[in-house]
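The structure appears below as structure tokens.
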Amino acid sequence: MPRVLLLYASVGAGHKRAAEALATAFLQRQPGEVRIEDVLDHTTRLFRVAYARSYLELTDRAPMVWGYFYTQTNADPTLSEFTNNLRKLVESIGTTGLKDLLRAFQPELIICTHFLPMELLVRYKRNAMLSQPVYCVVTDYVAHTFWTYTEIDGYFVGDEQTREQLIARGVAAKQISVSGIPVDPIVNEPKEVEAIRLRHGLSTTYPLITLFGGGVDDDHIRVIAEHFLSSTLDMTLVVVAGRNPTLVESLSDLTASAHVQLRILGFVDYVDDLIAATDLVITKAGGLIVSEVLARAVPLIVIEPIPGHEEWNADYVVSCGAGVQLRIPASVARTAVHMLQHPDTLALMRSAATSAGRPRAALDIAERVLADFLNRRHK
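Position in the sequence shown (first residue = 1) + 378 = the working numbering.
Shown next as structure tokens:
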């Protein structure tokens, strides 16, 4: 297998998870040298901290400001051009270490799961400093203008709408494959629900609700949990804090009720187990978590999407019929209970999730990229 370099930027967890899924897929297809790198590890410390914080702090503390910036730079060509030029100037100062990585590893294929490494590599291509094929995997169900470069050798996108957005911005249709967003190929392996629940000490009798709380305000999670605990429907509620460092402690005074078993977890390494064993997932609308849940054909309740890309992801879930989007924390438990009490509705959503999910996305992308490589080599 050719040497494959997978580049992401550690701005949120999804870009890295997509790269890890692709690495697994490549190695399942053919043994070889596959390397995953955070492009921010090859920048100055000042640039690395500023770049990551500018996104994380805006989305956490001022989401409406981020939403305005995201929407305006996507819609206004003049503002978009100014912003892109400013970003490129800053990035050219802060990311010179990427050249050293390319010289040291000598990749034969490069795949980007974030637009930062992609735009740097395109600049190298324009200056005849890079000849290797570069592919892009868009990790949301929308293609912001930041993702758009006609020099990319191939795009992989989550749905037809994202493909149409890229075409409208000048990307050739033949460059774009609707593959789905890559998730860990483990989702292709069937899992027995009762065995999973027994393994993790969860009830095999009652419905299971999994609430992923990373990135959600602690007080909002508390409201959701308290409303669940007041329910008279027998169920198990699992709350996963994930990257939220304060959530477990802030919910530590909550206990199970007469009808609701409660489990509060921090970071877990068995997310796929929880998804496979659950009846309904409640989560924010990150592109990867949405894709992971759909790949397991599990219905969703989407809460508090970040304005911009997460709103598009939430719209995708709803438009597919695989879930609902709620804005008010107090309405989440009531809606979930209603869904559980109407199994026909839940079954329709599960069927829609089955149709929308792309569990083979990572494998399909790896196979397509390897086929392109072989075709080039034999020409």
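Idealized CB from N, CA, C, for every residue including glycine.
Exercise. Since R541 and I559 are thought to touch, with beta carbons under 8 Å apart, how far apart are those beta carbons, to the nearest angstrom?
Worked result: Along the sequence shown, read from residue 1 onward, the residue named residue 541 stands at position 163. Along the sequence shown, read from residue 1 onward, the residue named residue 559 stands at position 181. Contact doesn't hold; Cβ gap of about 13 Å is too wide.
For this session: Would you kindly check if the distance between the Cβ of A403 and the Cβ of A740 is under 8 Å?
Result: Indexing the sequence shown from 1 puts residue 740 at position 362. Indexing the sequence shown from 1 puts residue 403 at position 25. For A740 and A403, yes; Cβs fall inside 8 Å.
Exercise. From what residue to what residue does the beta strand (DSSP E) around L384 run?
Worked result: Locating residue 384 in the sequence shown gives position 6, counting from the first residue. Annotation for L384: the continuous beta strand (DSSP E) segment containing it runs 382 to 386.
Exercise. For A655 versus G735, is the C-beta distance shorter than 8 Å?
Worked result: The sequence position of residue 655 within the sequence shown is 277, counting from 1. The sequence position of residue 735 within the sequence shown is 357, counting from 1. It is not a contact, given that the beta carbons lie outside the stated cut-off.
For this session: Name the two residues that bound the continuous beta strand (DSSP E) containing L643.
Result: Residue mapping note: residue 643 aligns to position 265 of the sequence shown, counting from 1. Its beta strand (DSSP E) spans residues 638 to 643.
For this session: Closer than 8 Å by C-beta to G629: which residues in its own chain qualify, once you throw out the five before and the five after it? Chain order, please.
Result: Against the sequence shown, residue 629 aligns to sequence position 251. Contrary to the premise, residue 629 reads as Leu rather than Gly in this sequence. Hits under 8 Å: D596, I599, R600, A603, V617, I642.
For this session: Quick one: using the 10 Å Cβ neighbour count with 16 as the cut-off for buried, is Q408 buried or exposed?
Result: As a position in the sequence shown, residue 408 is number 30, starting the count at 1. Counting Cβ neighbours within 10 Å, Q408 comes out exposed, since fewer than 16 surround it.
Problem set entry | Cβ-based neighbour list, R530, same chain, cut-off 8 Å, excluding 5 preceding and 5 following | Locating residue 530 in the sequence shown gives position 152, where the first residue counts as 1. Correcting the residue type first, residue 530 is Ile in the shown sequence and not Arg. M496, V500, V512, Y513, C514, V549, Q553, listed in sequence order.
Exercise. With a CB to CB cut of under 6 Å and the five nearest residues on each side skipped, what residues in its chain are close to S669?
Worked result: Walking along the sequence shown from the start, residue 669 turns up at place 291. Counting only residues of its own chain and dropping the five nearest sequence neighbours on each side, S669 has a CB closer than 6 Å to the CB of I559, V561.
Exercise. If you drop the 5 nearest sequence neighbours on each side, which residues of the same chain put their C-beta closer than 7 Å to that of G475?
Worked result: As a first step, residue 475 must be located in the sequence shown, where it is residue number 97. Contacts found: H420, T421.
Exercise. Going by Cα to Cα distance, which pick from T610, V535, G532, T661 is closest to G591?
Worked result: Here residue 591 corresponds to residue number 213 of the sequence shown, with the count starting at 1. When only C-alpha atoms are compared, the closest one is T661.
For this session: Identify the continuous beta strand (DSSP E) that holds Q703 and give its terminal residues.
Result: To locate residue 703, count along the sequence shown from 1; it is residue 325. Start and end: 701 to 704.
For this session: Could you round the C-beta distance between T517 and H393 to whole angstroms and report it? I think they count as a contact, below 8 Å.
Result: The count along the sequence shown starts at 1 and reaches residue 517 at position 139. The count along the sequence shown starts at 1 and reaches residue 393 at position 15. That belief holds up - the Cβ atoms of T517 and H393 are roughly 6 Å apart, short of 8 Å.
For this session: Counting only the same chain and skipping the five closest in sequence on each side, list residues whose C-beta sits under 6 Å from that of L615.
Result: For this step, residue 615 is matched to residue 237 along the sequence shown. These residues qualify, in order along the chain: I587, F606, V638, L640.
Problem set entry | For M613: DSSP bridge partner residues | Counted from its first residue, the sequence shown places residue 613 at position 235. V638.
Exercise. When burial is assigned at 16 or more other CB atoms within 10 Å of the CB, is S557 buried or exposed?
Worked result: For the purposes of this step, residue 557 is taken as the residue at position 179 of the sequence shown. Looking at its Cβ environment, which holds 16 or more other Cβ atoms inside 10 Å, S557 is buried.
Exercise. Between the region 715 to 731 and the region 742 to 755, do three or more beta carbon pairs fall short of 8 Å?
Worked result: no
Exercise. What do you reckon, are the CB atoms on W690 and Y584 nearer than 8 Å?
Worked result: As a position in the sequence shown, residue 690 is number 312, starting the count at 1. As a position in the sequence shown, residue 584 is number 206, starting the count at 1. Contact: no.
Exercise. In this structure, does DSSP put S555 in helix, strand or coil?
Worked result: Taking the sequence shown and counting its residues from 1, the one referred to as residue 555 is at position 177. S555: strand per DSSP, three-state reduction.
Exercise. Quick one: what's L476 bridged to in DSSP?
Worked result: One-based indexing of the sequence shown puts residue 476 at position 98. Paired residues: none, contrary to the question.
Exercise. Within this structure, are the beta carbons of L704 and D657 separated by less than 8 Å?
Worked result: On the sequence shown, residue 704 is found 326 positions in, with the first residue counted as 1. On the sequence shown, residue 657 is found 279 positions in, with the first residue counted as 1. No, they are not a contact pair.
Exercise. Skipping 5 residues on each side, what residues in its chain have a beta carbon closer than 6 Å to that of Q543?
Worked result: As a position in the sequence shown, residue 543 is number 165, starting the count at 1. Cβ neighbours of Q543 beyond the five flanking positions: A521.
Exercise. Could you check where the beta strand (DSSP E) with E415 kicks off and where it finishes?
Worked result: Taking the sequence shown and counting its residues from 1, one reaches residue 415 at position 37. Unbroken beta strand (DSSP E) run through E415: 412 to 416.
Problem set entry | Contact belief for E486 with F751 at Cβ below 8 Å, rounded distance in angstroms | Position 108 of the sequence shown, counted from the first residue, corresponds to residue 486. Position 373 of the sequence shown, counted from the first residue, corresponds to residue 751. Going by Cβ atoms, the distance from E486 to F751 rounds to 7 Å, so yes, they are a contact pair.
Problem set entry | Span of the alpha helix (DSSP H), counted from its first residue to its last, around V668 | Within the sequence shown, numbered from 1, the residue matching residue 668 stands at position 290. Looking at the DSSP string, the run of the alpha helix (DSSP H) that includes V668 is 665 to 673.
Problem set entry | Residue from I564, R395, Q510 with nearest C-alpha to L383 | Locating residue 383 in the sequence shown gives position 5, where the first residue counts as 1. Among I564, R395, Q510, the Cα nearest to that of L383 is on Q510.
For this session: Determine the direct distance from the alpha carbon of G410 to that of V323, and round the result to whole angstroms.
Result: No answer is possible for residue 323: the residues shown for the chain start at 379 and end at 757.
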